[in-house]
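Residue numbers (mature numbering (1 follows the signal peptide of the UniProt record, and there is no 0)): -20 to -1, 1 to 306.
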Ligand SMILES: *[C@@H]1O[C@H](CO)[C@@H](O)[C@H](O)[C@H]1NC(C)=O
Ligand SMILES: *[C@@H]1O[C@H](CO)[C@@H](O)[C@H](O)[C@H]1NC(C)=O
Ligand SMILES: *[C@@H]1O[C@H](CO)[C@@H](O)[C@H](O)[C@H]1NC(C)=O
Ligand SMILES: *[C@@H]1O[C@H](CO)[C@@H](O)[C@H](O)[C@H]1NC(C)=O
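In structure tokens form, the structure reads like this:
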């Protein structure tokens, strides 16, 4: 039964067009490589680090413009106390990490003028730099290529108080954007002014619709116009859709594959259910037949014991009938 429920959920989600439309998946391969590089460089800032203190790191010269920092924490203290302020982030108590490491490192990233290079969001213009908050195991501070831990805010959400936010033009409403480590994009309204909230790690910024929100790719004139408007030119998004086709196709294929796989699974499951039902039915029938046979045998036996009287009754019948007739 749970399998059927699960399949039903999967189907209803996939078949809901609104849902499908609101899901944006970015191709973030280069950005993930950058995360890994930043983890390495952020850890280098630690030399006998104290817990709960942010240590700013330095990036290689080819990444000038990005600011990084690292803070080591006891997992228990993160959960029970949170971090009042870590750069733009306000981390409430109740943030849990689900692989039970003793200490973790929160790596902070401010991608500055490289935000739009690593996180291209077609149709939107950044009005704040992309900030990152990622959690890693602190067991080995010289480790590289560490996988991220999974942290979740189980109570109040984590707040991000953005600085350096450009004012959005009148009539356009700024939106918070959260890009998780798989490239899933989640938009939400600011909780207030320049403050956004999140329940998980990833990358965050504030965006507004580009001047031409229509997805028409062959009207490039509004693109450069909006690019020119981005004060300092840091927040403009290049018009070409960089979400790589192959990645997109791959994701589409994964979805198609899972639908087909789900259907096949469902059919196998339905077949099995039917088959077991049939089997049960047949077993029941056989059982009934058998018990009927047994019953018959018993009946015969009981009749056998009183065979004589039964026979007599039937034999008397014609006598009675003839009496009636006369
Ligand atoms: C930047 O430089 C570092 C260290 O020299 C190198 O590992 C990294 O691949 C470079 N990254 C880019 C994006 O060029
Ligand atoms: C980003 O800004 C830094 C200075 O803050 C500058 O050195 C660097 O060249 C800029 N990078 C790009 C790609 O504009
Ligand atoms: C820490 O990681 C580095 C780099 O991967 C490795 O060389 C070293 O042996 C590790 N140390 C421990 C104690 O695991
Ligand atoms: C998107 O963000 C909102 C607010 O943080 C959260 O409630 C919601 O679950 C998120 N949705 C997804 C699909 O991550």
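Using N, Cα and C, we set each Cβ at its ideal position, and we do this for glycine too.
query: When you compare only the Cα positions, how much space is there between residue 134 and residue 253?; result: 39 Å
query: Answer yes if the stretch 119 to 127 comes into contact with the stretch 55 to 63, meaning at least three C-beta pairs across the two stretches below 8 Å, and no otherwise.; result: no
query: Around the Cβ of residue 67, are there at least 16 other Cβ atoms within 10 angstroms (buried) or fewer (exposed)?; result: buried
query: Check each residue's C-beta against every heavy atom of ligand 2 and list, in chain order, those closer than 5 Å.; result: 44, 45, 93
query: Using a threshold of 7 Å, state whether the C-beta atoms of residue 157 and residue 108 are closer than that.; result: no
query: Tell me whether the beta-carbon of residue 19 lies closer than 7 Å to the beta-carbon of residue 48.; result: no
query: Tell me, please, which residues DSSP counts as bridged to residue 36.; result: 49
query: Confirm the yes/no value for this check: CB of residue 162, any heavy atom of ligand 3, distance under 6 Å.; result: no
query: Would you mind stating whether residue 181 and residue 115 have Cβ atoms separated by less than 7 Å?; result: yes
query: Compute the Euclidean distance between the alpha carbons of residue 227 and residue 171, then round it to the nearest angstrom.; result: Below a pLDDT of 50, predicted positions are generally treated as unreliable, and residue 227, at 45, falls in that range; the measurement from the model is reported next regardless. Going from the Cα of residue 227 to the Cα of residue 171 covers about 33 Å.
query: Measuring CB to CB, does residue 95 end up less than 7 Å from residue 106?; result: yes
query: Grab me the residues of residue 185's own chain with a C-beta within less than 6 Å of its C-beta, minus the 5 sequence neighbours each way, in chain order.; result: 106, 108, 110, 157
query: Tell me which residue opens and which closes the beta strand (DSSP E) that residue 89 is part of.; result: 83 to 90
query: Where in the stretch 109 to 155 do unbroken runs of the beta strand (DSSP E), each at least 3 residues long, occur, reported from the N-terminal end onward?; result: 111 to 117, 131 to 133, 138 to 141
query: Whose CB is closer than 5 Å to a heavy atom of ligand 1? List the residues in chain order.; result: 40, 42
query: Going by Cα to Cα distance, which pick from 85, 6, 98 is closest to residue 33?; result: 85
query: Would you list the one or two residues that DSSP bridges to residue 165?; result: 4, 159
query: To which residues of the same chain is residue 113 closer than 7 Å at the C-beta, ignoring the five residues directly before and after it?; result: 69, 86, 88, 181
query: From residue 159 to residue 165, what does the alpha carbon distance come to, in whole angstroms?; result: 5 Å
query: Measure the alpha-carbon distance for residue 54 versus residue 174 and round it to whole angstroms.; result: 29 Å
query: Within 10 angstroms of the Cβ of residue 204, are there 16 or more other Cβ atoms? Answer buried if so, exposed if not.; result: Confidence is the limiting factor: at residue 204 the pLDDT is only 36, short of 50, which leaves the residue's position unreliable, though a coordinate-based value still follows. Burial call: exposed.
query: Where does the unbroken alpha helix (DSSP H) through residue 55 begin, and where does it stop?; result: 55 to 60
query: Would the beta-carbon of residue 82 fall within 7 Å of that of residue 131?; result: no
query: Which residue's Cα is closest to the Cα of residue 179: 243, 72, 147, 258?; result: 72
query: What is the residue span of the beta strand (DSSP E) that residue 65 lies within?; result: 63 to 66
query: So if DSSP puts residue 184 in a beta bridge, which residue, or which two residues, is it bridged to?; result: 111, 158
query: Going straight from the alpha carbon of residue 260 to that of residue 244, what length do you get?; result: 24 Å
query: Between which two residues does the beta strand (DSSP E) holding residue 175 run?; result: 175 to 178
query: Taking all protein chains shown into account, decide if residue 142 is buried (16 or more other Cβ within 10 angstroms of its Cβ) or exposed.; result: buried
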